[in-house]
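Mapping the sequence shown onto this note's numbering, position 11 (from 1) lands on -8, and the numbers just tick up by one.
For each residue, glycine too, the CB sits at the ideal point set by N, CA and C.
Reviewing the structure listed below.
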Amino acid sequence: MSLFPIRCFVFRFVALAAAVLIAASPTLAQQGAGEVFKPQVGQAGKDVVWVPTPDALVATMLDMAKVTPQDFVMDLGSGDGRTVIAAARRGARAVGIEYNPEMVGLSRRNATAAGVTDRATFQNADLFTIDLSKAQVITMFLLPSINMKLRPTLLNLRPGTRIVSNTFTLEDWEPDATQTVGDGCSSWCTALLWIVPAKVEGTWRLADDQLVLKQQFQMLSGSLGSTTLAAGRVRGDEISFSVGAAKYTGRVDGNTIKGTITGGSGGAFTAARAAR
């Protein structure tokens, strides 16, 4: 029997399979046609589908984080690059972390069109493998499960790091501020801000008394001597709590807290962490 019919059949099968693959893959179809990649809302990604943050909410998120030209902003799951570009337009250095290489290419083209390539860059990477420690501000629009997977890393960042999320929470780590946008936004319109708190739980020596602090994220409880603390809170490296009529406000610097007392006896105070 001649092998020619078999070879023709195999060739036709391979050609048909390739045609089906190209038709099913926007990437291959667009590359074959020479078209520029255009993302579709709801398209699947590694861990999430792509839904862009409305521009009005992007502006609110950056406002809440008080982004300045001195900041380094990291956007996790940066999509088409709009948050990174908006931060760069404010003078900040910003980098987007995006798993989809076509989105990265689109973001770079958008940054070029906006004239901010000197401050806006994009990395094709998995957000769980990236070092976040240099960021002053982190922005994200991720699913709650992804937020929770990131939470231990976020809590270990430098105290004072600002984290802003579109809509989705960090569960029992309550936000320090929440804002919902009305004008110019019809869906996904709530921004949530967290300030990474210094880790202060433990026993401290304050004058002749023992200061015991218990910490649940940014909220504090505990006692100074035999008196229970009230209204305890940590915001970055800033700490405040009340003991009776006296309000203590200070700044945490490693194993030392220095600040002032208003009300009560008044004056300055220093607390040193007790040896563990």
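Judged by beta-carbon spacing, valine 76 lies within the 8 Å limit of glutamine 104, meaning their Cβ atoms are closer than that value. In the structure shown, lysine 130 adopts helical secondary structure according to DSSP, grouped into three states. Shown here, threonine 241 sits in a strand according to DSSP, grouped into three states. Contiguous beta strand (DSSP E) elements confined to the region 89 to 135 occur at 101 to 105 and 118 to 121, taking only those with 3 or more residues. Within the same chain, Arg143 come within 8 Å of lysine 47 by CB-CB distance, once the 5 residues on both sides are set aside. In chain order, Cys170 and Thr171 place their CB closer than 7 Å to the CB of threonine 161, counting only its own chain and leaving out the 5 sequence neighbours on each side. In this structure, DSSP gives aspartate 190 an extended state, which the three-state scheme calls strand. Under DSSP, glutamate 219 forms a beta bridge with Arg216 and Arg232. Scanning its chain for C-beta atoms nearer than 8 Å, with the 5 sequence neighbours on each side dropped, one finds around threonine 41 the residues Gln160, Val162 and Ala172, in chain order.
Threonine 150 sits in coil when the DSSP states are folded into three classes, being neither helix nor strand. Annotation note: the region 52 to 90 contains the following uninterrupted alpha helix (DSSP H) runs of length 4 or greater, listed N- to C-terminal: 63 to 70. Cα atoms of glycine 203 and lysine 195: separation of roughly 5 Å, rounded to the nearest angstrom. If you ignore the 5 residues before and after valine 177, its C-beta comes within less than 6 Å of the C-beta of Leu138, Pro140 and Thr142, all in its own chain and listed in chain order. For threonine 49, the number of other beta carbons within 10 angstroms of its own is below 16, and it is reported as exposed.
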